[in-house]
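A.B. asks: Quick one: the structure is below, and I'll ask about it shortly.
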Amino acid sequence: MSLLRTSFQDAEHDSEKPREQYFETWTAQKTGITWKHDNALSRLRYLPESMGPGVGIFDYDNDGWMDLYFVNSGPADFFQPAKPLRNALYHNNRDGTFTDVTEKAGVAGRDFGIGVAAADYDRDGWTDILVTTYGRLILYHNNHDGTFTDVTKAAGLDEPGLFTSAAWFDSDNNGLLDLFVCHFVKYGKSLEQDCSVNGIRHYCYPKTYEAWASRLYKNNGDGTFTDISAPSGIGKYLGKAFGVVATDINNDGLLDLFVANDSVPNFLYLNKGGGKFEEIGFQAGVAYSADGAARSGMGVDAADFDGDGREDLLVANISRERDSLYRNTGHNTFVDAAGATGLGMATAMYTGWGCRFVDFDLDGRQDLILVSGHPDDLIESVNSSLQYREPLLLFHNNGNGFDNVSAAGGPAFKESYAARGLAVGDLDNDGRVDMVVGISGGAPLVLHNVVSNSNRWIGLSLTGLTVGARITWSVNGAEHSIFKRGGGSYLSSCDPRDVLGLGAAEYADWIQVRWPAAIGRTDRFEHVRAGKYYSLSPGGKLL
1 MSLLRTSFQD AEHDSEKPRE QYFETWTAQK TGITWKHDNA LSRLRYLPES MGPGVGIFDY
61 DNDGWMDLYF VNSGPADFFQ PAKPLRNALY HNNRDGTFTD VTEKAGVAGR DFGIGVAAAD
121 YDRDGWTDIL VTTYGRLILY HNNHDGTFTD VTKAAGLDEP GLFTSAAWFD SDNNGLLDLF
181 VCHFVKYGKS LEQDCSVNGI RHYCYPKTYE AWASRLYKNN GDGTFTDISA PSGIGKYLGK
241 AFGVVATDIN NDGLLDLFVA NDSVPNFLYL NKGGGKFEEI GFQAGVAYSA DGAARSGMGV
301 DAADFDGDGR EDLLVANISR ERDSLYRNTG HNTFVDAAGA TGLGMATAMY TGWGCRFVDF
361 DLDGRQDLIL VSGHPDDLIE SVNSSLQYRE PLLLFHNNGN GFDNVSAAGG PAFKESYAAR
421 GLAVGDLDND GRVDMVVGIS GGAPLVLHNV VSNSNRWIGL SLTGLTVGAR ITWSVNGAEH
481 SIFKRGGGSY LSSCDPRDVL GLGAAEYADW IQVRWPAAIG RTDRFEHVRA GKYYSLSPGG
541 KLL
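My numbering puts the first residue of the sequence shown at 1, with every later residue one more than the last.
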C-alpha cells in the first residue's frame, strides 16, 4: 500500500469542519483521583526531574476491570522531599470512580520513581508490577489478595541505576517472560552538569552525559532472574535509552527489541535465537534521521499501520527533529514515512514522549495518539519559538496514511501540558479505548472515549503467554491484524486486552489467534458476535 497517496489534513484545516468530540475529560471530581506528581523541581535542575512520570493500566485483582497505577518521585541524592511522596494504586469501582488502595496493597514505592511495567512474570494468573527508578528497581509480586510483596532482592533485580522504560517479553521462546530495562545515562549528583544560560540553570541536553548499557534479565522460572546482558550481546552497546518495544520485525517467531536513544543512534536488536541479539539499527535504517543525524528519541511503539503484514516502528523525538515513522519494507530494512504521511510536519515543533497505536474509532485500523512537552521548563526564556507545555496529538488512520484530527479530540486537545507517560485502555468496559496521561509536576489526565459512531467491537483477553501472539480477524471479507508487542509508549503500561474494531458489522466472520512460538498453536473461531469481551487460553473456547 503506497504511503504517497496519503491525504493529510492539518489541524487548522480540520478545525474548519464540524466534528464530533472524540474524548471527554474525566476530572478529579468525577474519578476521585486526587494523586499528583511531584517532579522535585529545583533551582539546580537535576536531570531526573524532567523525566517522569509513567502510568499503568492493568487489572491487579482479576475482577475484569482496569485499575490505575501512578509513579511519583521520591528521595534521591539530590532531593529530599519536604513531605513523604508515594506512588498510587487506584481500584476501579466500575462506575467511573476509583479508590486509592495504595497503602493496603503495599505498592507506595521507594527511591525516585520514574516508570512502570506490569505483567504476570511467574505465570500464576495475577499481574505483578515492576517500577523503574533513579535508585533501584522495584518488583512487586501479586499476593492474589489485593496486596503485593516487594521481592526485588530475592528475584535478583536489586540493581542501581537511572532506569526508564521496560518491556516484558519471551526472549528465547521458552515460555517465560524475560525483562529488558532501559538505562538512560551514567548519572549521580556528583556527575550533574552546569548548563546555565545567563546565570540561570537549565536542564542539560543528554549529550553532556556518558552513555550506559541497558539490561536484559532472563527469567529462571523459579521467581528469580539472571542478568544476561553480556552474553546476549546487548550489554556491549552503550546508549541513552528512553523507550523500548518488543516486536517481531521479520515474522520469524523471535521477538526483537527496538530502543529509542536520546542524542545517540537508536538500537534495533535482532533476535538471532539461542539468547543472542545482533544490533542492526544502522543497516536497518532506524538508527539515524534521513540526514544521517542521531535524534533525541523518547517514546516508541510498533504496529502494522499500513496493513502489509509487517510491523512498523514509531519514535517520538524532541522538537525540531520530527517524529519518526519507520515503515517496514521487508528484509530487516525500514524507510522513514513520517514525511509522506504528514506525521513529520505535524510533530516538527513538539517534543514527543508517550505514544501508542490504537484503534480509537473501531474501524479496524490502527490510529495514533502522541503526548508531548518540552523537557526544559525554561525553554521559552531562551527560544521564543518553543513552549514547555505542548498539545496532545490525535491521528486517524485513513487506510493510506494519517489525518490529523486533534482539533476534534475534545477539550483536552485544545490545552497544553508537560506530558510524559501515556497508557491506553478501556476503563469502563464499553469497548472504546480511553487514555491516561502522566503530567510532570501535576495531576494525571484521564480521557474517556466518547466516539459516537455506530462501529462495533469485540474485546479479546488472552491468558497465559501473550506477547508475540498475532490476532487476525475478518469483517465482511476484509482482514485486519494486531501483533501483541511488549512494552511500547514511554514509562508506561497499557491495558493488556485487545479491542478489535468491526466497523458497522455485527459479527466478525472469523477470529484467529496464532499464539507465540513457545506455545506453537493457532486457534480459530467462526462468526463471533460483537459487543463483549471474550477470554481465551491456548486450545480453549471463547468465554
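All residues carry an ideal CB built from backbone N, CA and C; glycine is no exception.
1. If you measure between the beta carbons of Leu-394 and Phe-413, is that distance less than 8 Å?
2. Note down, in chain order, each residue of its chain lying with its Cβ closer than 6 Å to the Cβ of Glu-390, except the 5 sequence neighbours on either side.
3. Spell out the partners DSSP gives Asn-261 in its beta bridges.
4. Report the option in Met-298, Tyr-22, Ala-28 whose CA atom is closest to the CA atom of Leu-445.
5. Compare the beta carbon distance of Val-475 and Ala-508 with 8 Å and say whether it is the shorter of the two.
6. Which residue's Cα is closest to the Cα of Gly-239: Ser-232, Glu-49, His-183, Cys-494?
7. Using the Cα positions of Leu-313 and Leu-268, report the straight-line distance between them to the nearest angstrom.
8. How would you call Thr-152, buried or exposed, if buried means at least 16 neighbouring beta carbons within 10 angstroms?
9. If I measure Cβ to Cβ from Ala-419 and keep anything under 8 Å in the same chain, skipping five residues before and after, which residues do I get?
10. Return the CA-CA distance between Tyr-533 and Asp-308, expressed in angstroms with no decimal places.
11. Checking 8 Å against the spacing of the C-beta atoms, do Ala-530 and Ile-57 come in under that value?
12. In whole angstroms, what separates the C-alpha of Leu-500 from that of Tyr-209?
13. Between which two residues does the alpha helix (DSSP H) holding Thr-102 run?
14. How many Å lie between Cys-195 and Thr-472 at the Cα?
15. Assuming the contact rule is C-beta atoms closer than 8 Å, Ser-229 and Lys-276 should be a hit. Round their C-beta distance to whole Å, please.
16. Report the residue from Gly-253, Ser-319, Arg-43 whose alpha carbon sits nearest the alpha carbon of Arg-385.
17. Let me check understanding here. Comparing Cα to Cα, which of Asp-359, Asp-377, Asp-363, Gly-285 lies closest to Ala-337?
18. In terms of alpha-carbon separation, which member of Ser-42, Trp-26, Thr-25 lies closest to Asp-377?
19. Considering Cα atoms alone, identify which of Pro-375, Gly-539, Lys-484, Ala-408 is closest to Ser-544.
20. Which of the three DSSP states is assigned to Thr-347 in this structure?
21. Does the pairing of the region 142-150 with the region 170-190 give three or more beta-carbon distances under 8 Å?
22. Considering Cα atoms alone, identify which of Gly-503, Glu-479, Lys-104 is closest to Gly-431.
C.D. replies: Taking the structure as given:
1. The sequence position of residue 394 within the sequence shown is 394, counting from 1. The sequence position of residue 413 within the sequence shown is 413, counting from 1. It is a contact, given that the beta carbons lie within the stated cut-off.
2. Locating residue 390 in the sequence shown gives position 390, where the first residue counts as 1. The beta carbon of Glu-390 is closer than 6 Å to those of Tyr-350, Ser-372, Gly-373, Ser-416 in its chain, skipping five residues each way along the sequence.
3. As a position in the sequence shown, residue 261 is number 261, starting the count at 1. According to DSSP, Asn-261 bridges with Ala-241.
4. Mapped onto the sequence shown, residue 445 falls at position 445. Cα-wise, what sits closest to Leu-445 is Ala-28.
5. For the purposes of this step, residue 475 is identified with residue 475 of the sequence shown, where counting begins at 1. For the purposes of this step, residue 508 is identified with residue 508 of the sequence shown, where counting begins at 1. Using a Cβ distance threshold of 8 Å, Val-475 and Ala-508 count as a contacting pair.
6. Residue numbering aside, residue 239 sits at position 239 when the sequence shown is read from its first letter. That would be His-183, whose Cα lies nearest to the Cα of Gly-239.
7. Numbered from its first residue, the sequence shown carries residue 313 at position 313. Numbered from its first residue, the sequence shown carries residue 268 at position 268. In this structure, the straight-line span from the alpha carbon of Leu-313 to that of Leu-268 is close to 10 Å.
8. Mapped onto the sequence shown, residue 152 falls at position 152. By the 10 Å Cβ count, Thr-152 comes out buried.
9. What you label residue 419 is simply residue 419 of the sequence shown in a count that begins at 1. Only Trp-353, Gly-354, Val-371, Ser-372, Gly-373, Glu-390, Leu-392, Val-437, Gly-438, Ile-439, Ser-440, Leu-445 meet the Cβ criterion.
10. The sequence position of residue 533 within the sequence shown is 533, counting from 1. The sequence position of residue 308 within the sequence shown is 308, counting from 1. Tyr-533 and Asp-308: Cα-Cα distance of roughly 27 Å.
11. Sequence index remark: in the sequence shown, residue 530 carries index 530 (1-based). Sequence index remark: in the sequence shown, residue 57 carries index 57 (1-based). In this structure, Ala-530 lies away from Ile-57, with their beta-carbon atoms at least 8 Å apart.
12. Counting from 1 along the sequence shown, the entry for residue 500 is found at position 500. Counting from 1 along the sequence shown, the entry for residue 209 is found at position 209. Their backbone Cα atoms lie some 43 Å apart in a straight line.
13. Position 102 of the sequence shown, counted from the first residue, corresponds to residue 102. Thr-102 -> alpha helix (DSSP H) spans 102-105.
14. The residue you call residue 195 lines up with position 195 of the sequence shown. The residue you call residue 472 lines up with position 472 of the sequence shown. Roughly 51 Å between the two C-alpha positions.
15. The residue labelled residue 229 in the question sits at position 229 within the sequence shown. The residue labelled residue 276 in the question sits at position 276 within the sequence shown. Separation of the CB atoms of Ser-229 and Lys-276 is rounded to 12 Å, and the pair is thereby denied contact status at 8 Å.
16. Residue numbering aside, residue 385 sits at position 385 when the sequence shown is read from its first letter. At residue 385 the sequence reads Ser, which differs from the Arg that was named. Out of Gly-253, Ser-319, Arg-43, the CA that lies nearest to the CA of Ser-385 is found in Ser-319.
17. Start at 1 with the first residue of the sequence shown, and residue 337 comes out as number 337. For the residues Asp-359, Asp-377, Asp-363, Gly-285, the minimum Cα distance to Ala-337 belongs to Gly-285.
18. In the sequence shown, residue 377 corresponds to position 377, counting from 1. Nearest C-alpha to Asp-377: Ser-42.
19. This structure cannot settle anything about residue 544, because the visible part of the chain is limited to 1 through 543.
20. Taking the first residue of the sequence shown as 1, we reach residue 347 at position 347. Thr-347: helix per DSSP, three-state reduction.
21. Taking 8 Å as the limit for Cβ pairs, the verdict is that the region 170-190 does not touch the region 142-150.
22. Position 431 of the sequence shown, counted from the first residue, corresponds to residue 431. When only C-alpha atoms are compared, the closest one is Gly-503.
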